[in-house]
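Protein chains in written order, with our numbering: chain A, 1 to 292; chain B, 293 to 622. Just so it is clear, CB atoms sit at the ideal spot from N, CA and C, and this is done for glycine as well.
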Amino acid sequence: MTDVTPRALDARLAARLTPAVAMRAVSPATRDDASDAAISAVAVRTEQLDAMYGGVAAVRSATLTFTPGRVTAIIGPSGCGKSTLLRCINRLHETQPAARVRGAVFVDGRDVYAAGTDVVAVRRSIGFVAQRPTPFPSMNIRENVVAGLRVAGIRVSGTELEDRVEAVLQRTGLWDEVSDRLDSDPMSLSGGQQQRLCLARALAPEPRVLLLDEPTAALDPGSTQRIEELVYLLRGEVTTIIVTHNMQQAARVSDITAFMLEGELIEQAPTRVLFTAPSDARTELYLTGRFG
Amino acid sequence: MSAPTYPTARTMSSAERPPRSNARGDRWVGWGDRIYGALITACALAIPLLLVLVAAIIARSAWPAVSTVGAELVTGTTWDVPRGQFGALPAILGTLASSLLSLIIATPLALGVAIFVSELAPPAIRRPFAFLVDVLAAIPSVVYGLWALYVLVPFLREVVMPFLGDTLGLGALPLFKGPAYGPSLLAASLVLSIMILPYIAAVARELLQAVPRSQREAALALGATRWEMVRDAVLPYARSGLVGAAILGLGRALGETMAVTMVIGNRHELPSSLFQPAYTMASLLANEFNEASGALHVSALMAVAGILLAITLIVNAIARWLVWRMEART
Numbered sequence: 001m002t003d004v005t006p007r008a009l010d011a012r013l014a015a016r017l018t019p020a021v022a023m024r025a026v027s028p029a030t031r032d033d034a035s036d037a038a039i040s041a042v043a044v045r046t047e048q049l050d051a052m053y054g055g056v057a058a059v060r061s062a063t064l065t066f067t068p069g070r071v072t073a074i075i076g077p078s079g080c081g082k083s084t085l086l087r088c089i090n091r092l093h094e095t096q097p098a099a100r101v102r103g104a105v106f107v108d109g110r111d112v113y114a115a116g117t118d119v120v121a122v123r124r125s126i127g128f129v130a131q132r133p134t135p136f137p138s139m140n141i142r143e144n145v146v147a148g149l150r151v152a153g154i155r156v157s158g159t160e161l162e163d164r165v166e167a168v169l170q171r172t173g174l175w176d177e178v179s180d181r182l183d184s185d186p187m188s189l190s191g192g193q194q195q196r197l198c199l200a201r202a203l204a205p206e207p208r209v210l211l212l213d214e215p216t217a218a219l220d221p222g223s224t225q226r227i228e229e230l231v232y233l234l235r236g237e238v239t240t241i242i243v244t245h246n247m248q249q250a251a252r253v254s255d256i257t258a259f260m261l262e263g264e265l266i267e268q269a270p271t272r273v274l275f276t277a278p279s280d281a282r283t284e285l286y287l288t289g290r291f292g
Numbered sequence: 293m294s295a296p297t298y299p300t301a302r303t304m305s306s307a308e309r310p311p312r313s314n315a316r317g318d319r320w321v322g323w324g325d326r327i328y329g330a331l332i333t334a335c336a337l338a339i340p341l342l343l344v345l346v347a348a349i350i351a352r353s354a355w356p357a358v359s360t361v362g363a364e365l366v367t368g369t370t371w372d373v374p375r376g377q378f379g380a381l382p383a384i385l386g387t388l389a390s391s392l393l394s395l396i397i398a399t400p401l402a403l404g405v406a407i408f409v410s411e412l413a414p415p416a417i418r419r420p421f422a423f424l425v426d427v428l429a430a431i432p433s434v435v436y437g438l439w440a441l442y443v444l445v446p447f448l449r450e451v452v453m454p455f456l457g458d459t460l461g462l463g464a465l466p467l468f469k470g471p472a473y474g475p476s477l478l479a480a481s482l483v484l485s486i487m488i489l490p491y492i493a494a495v496a497r498e499l500l501q502a503v504p505r506s507q508r509e510a511a512l513a514l515g516a517t518r519w520e521m522v523r524d525a526v527l528p529y530a531r532s533g534l535v536g537a538a539i540l541g542l543g544r545a546l547g548e549t550m551a552v553t554m555v556i557g558n559r560h561e562l563p564s565s566l567f568q569p570a571y572t573m574a575s576l577l578a579n580e581f582n583e584a585s586g587a588l589h590v591s592a593l594m595a596v597a598g599i600l601l602a603i604t605l606i607v608n609a610i611a612r613w614l615v616w617r618m619e620a621r622t
């Protein structure tokens, strides 16, 4: 294997940049506008977070800060605990048998693990999209979009509901594809459409944090690109945390990248810095494909 | 450009074909395999063959009655052996009424049990609880019958029937009219519902456990409570299978004989009130086969058996298909 200098790596990554990221690179103003528009996005912070399956620690004393309105990518080899960390933020980890969590997760300054916390309220304020599309097969497309509103008990009039369905489907780029068949079975959609439907479902209740657990792992390149564009467009409105095993994806969509290894956070830095000049030797080894 | 050719079983010469028996070339192993295969195939084929044989024998034995009595068999309401009147409609309707009633009572309970075991119960008591429910299915029918006869029927006669009929004044309604005998359609339906509950609960439990974790997590992540998750994601996902589970219970109720015979009152009348004694096909067969007099009587009973077999087969086929369709989707 050839030795890869940071400079060479940077050039290689630059060659892979999509237009969206290229645009970001040439106009830093867009970036600042986006963060200024961050009205509803909130900060997320994990502190000394341990997550266990039975006796096995999947995450070990992870302390990370996620900047409001920005996209943070968590990368690392399989089994490094990145998905588990993500699932601790909306307290989904603990729903599995023998799963335990220690430490704190602050969402908008409140520890979601504090005694007396309403777990349901926490989850309602955080959107979540899983690795494989999970539309509810018993509901039609429209019902899937509003499923989150329904469980949240948000009662809106018929026309307003229709407007919200349209708005969120527009945002996820699905409207033109499904507007004429909102009453049909979601399983008739392609995998990529199903995943965007799940994204629409997660966004409909207007969450302030969006968790994406390898959202494109099961998708083809075209669908992957559409999801990545959506994530980019959501910057500023919502604090996005995306777990990915795809380093190029992290480079394309994220502002900040965190690298995890064996349950521990190795380093966290602005994406450009982490990919070009990682401060930890293990990060560089991973980025250059020596392991993982 | 020609397509590359790969050796397949057909294109390979006999020399390069792998040996049929084991590496040592032991011929007896090959024979053993064949004998074993033939035996197993024969055993498997025997089961559908048995069903066909039973159906054929019933059809043959029922033929004299069918040709003599004709449609009267399923439309007639009088069952008078000495006069040669064989109208099985009360028994047919009694079977359907008691089974459907038991289904209506048992399904919500069984669903509750299944939801409790698969969704709510702490892991430590899940298995013991499921085991206890399964044990209900292992209790012999006659034991249920005895319990019903000595405990349930007196309780219905002394407490439930007077309460429903007089205290609540439901006695004016046709469904609750008549004196409180005890042995009745209600007693039979209740004991049947206890008997089919474990079957429905066991199948429903497995169906609920087959609902993918990702579906549950999707609902939880949207901010559903545990109950909302069950209601909006788990139950709808398993819906068609759950219908199948209920119909499987119906299939069992239709054919249940001993316990029903002991408490339904065995009166050959069209079932009209929950409090009145009634009859079922299975009870009719159990009661009359021993003392069947004359060829026509036996033949009429065979015809009833045929009707019961046909209804049970159809119900079971529908149920299996629904459960299979749900499981095939996951």
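query, result
"The region 520 to 540 of chain B: which residues have C-beta closer than 8 Å to a C-beta of chain A, in chain order?", "E520, D524, A525, P528, Y529 and R531"
"On the CB-based measure, 16 or more other CB atoms within 10 Å of its CB, does T5(A) come out buried or exposed?", "For T5(A), the predicted model reports a pLDDT of 44, less than 50, meaning its position is unreliable; a value from the coordinates is still stated below. T5(A) should be labelled exposed."
"Using the beta-carbon of each residue, which ones in chain A are nearer than 7 Å to S506(B)?", "A130, R132 and T134"
"W613(B): buried (16+ other C-beta within 10 angstroms of its C-beta) or exposed?", "exposed"
"So what's R497(B) in DSSP terms, helix, strand or just coil?", "helix"
"Does any CB atom of chain B fall closer than 8 Å to the CB of N140(A)?", "no"
"List the whole-angstrom C-beta distance separating L428(B) from L489(B), where the pair is believed to meet the contact cut-off of C-beta under 8 Å.", "7 Å"
"Which ranges does the beta strand (DSSP E) cover as unbroken runs of at least 3 residues, wholly within the region 206 to 244 of chain A, from first to last along the chain?", "209 to 213 and 239 to 243"
"With 16 as the cutoff for other CB atoms within 10 Å, does M247(A) come out buried or exposed?", "buried"
"If you count every other CB in all the chains shown that lies within 10 Å of the CB of M187(A), and 16 or more means buried, which is it?", "exposed"
"Count the other C-beta atoms from every protein chain shown that fall within 10 angstroms of the C-beta of P414(B), then say buried if there are 16 or more, exposed otherwise.", "exposed"
"T95(A) CB to nearest chain B CB: under 8 Å?", "yes"
"For Q268(A), report the span of its beta strand (DSSP E) as first-last.", "E264 to P270"
"Looking at chain B, which residues of the region 150 to 167 of chain A have a Cβ within less than 7 Å of any of its Cβ atoms?", "V151 and A152"
"I'd like the list of long-range same chain contacts for I603(B), defined as Cβ closer than 7 Å, with 5 residues on each side in sequence excluded.", "L546"
"Check the C-beta distance from T239(A) over to A104(A) and give it rounded, since I have them as a contact under 8 Å.", "Going by Cβ atoms, the distance from T239(A) to A104(A) rounds to 17 Å, so no, they are not a contact pair."
"Taking Cβ positions only, does P414(B) come closer than 8 Å to chain A?", "no"
"Cutting at 8 Å between CB atoms, please list the residues of its own chain near R226(A), excluding the five before and the five after it.", "G173, G192 and R196"
"I'd like to know whether the C-beta atoms of V231(A) and I241(A) end up nearer to each other than 8 Å.", "no"
"Could you list the residues in the region 487 to 513 of chain B with a C-beta less than 9 Å from some C-beta on chain A, going in chain order?", "P504, R505, S506, Q507, R508, E509, A510, A511, L512 and A513"
"Counting only the same chain and skipping the five closest in sequence on each side, list residues whose C-beta sits under 7 Å from that of V491(B).", "In the sequence under discussion, the amino acid at residue 491(B) is Tyr, which differs from the Val named in the question. Excluding sequence neighbours, Y491(B) sits near A429, L540, G541 and R544."
"Please report the straight-line C-alpha distance between L605(B) and S485(B), rounded to a whole angstrom.", "20 Å"
"Determine, using beta carbons only, whether A147(A) comes closer than 8 Å to chain B.", "yes"
"Which residue comes first and which comes last in the beta strand (DSSP E) that contains G103(A)?", "A99 to V107"
"DSSP puts T257(A) in a beta bridge; with which residues?", "A73(A) and A269(A)"
"Can you list the residues of chain A that T517(B) reaches, using a CB-CB cut of under 7 Å?", "V120"
"Once you ignore the five residues that flank A29(A) on each side, which residues in its own chain have a CB closer than 7 Å to its CB?", "Model confidence at A29(A) stands at a pLDDT of 37, short of 50, so the residue's coordinates are unreliable; what they give is reported in the following sentence. The answer is none, since no qualifying residue turns up."
"Can you tell me whether DSSP reads A584(B) as helix, strand or coil?", "coil"
"For G463(B) and A480(B), what's the separation of their Cα atoms in angstroms?", "19 Å"
"So which residues of chain B does P137(A) contact, with C-beta pairs closer than 7 Å?", "Y529"
"Indicate the three-state DSSP secondary structure (helix, strand or coil) for R132(A) in the structure shown.", "coil"
"Chain B partners of V92(A), CB-CB under 8 Å?", "Note on identity: in this sequence residue 92(A) is Leu, with Val being the wrong assignment. Those are E509, L512 and A513, listed as they occur along chain B."
"Please determine, among V145(A), E267(A) and G127(A), the residue with the shortest C-alpha to C-alpha distance to R208(A).", "G127(A)"
"Can you tell me where the alpha helix (DSSP H) with R523(B) in it begins and where it stops?", "Counting along the chain, R523(B) falls outside any alpha helix (DSSP H), and DSSP gives it neither H nor E."
"For the alpha helix (DSSP H) that E561(B) lies in, which residues bound it at each end?", "E561(B) -> no alpha helix (DSSP H), and no H or E assigned at all."
"Quick one: does R208(A) have its CB under 8 Å from some CB of chain B?", "no"
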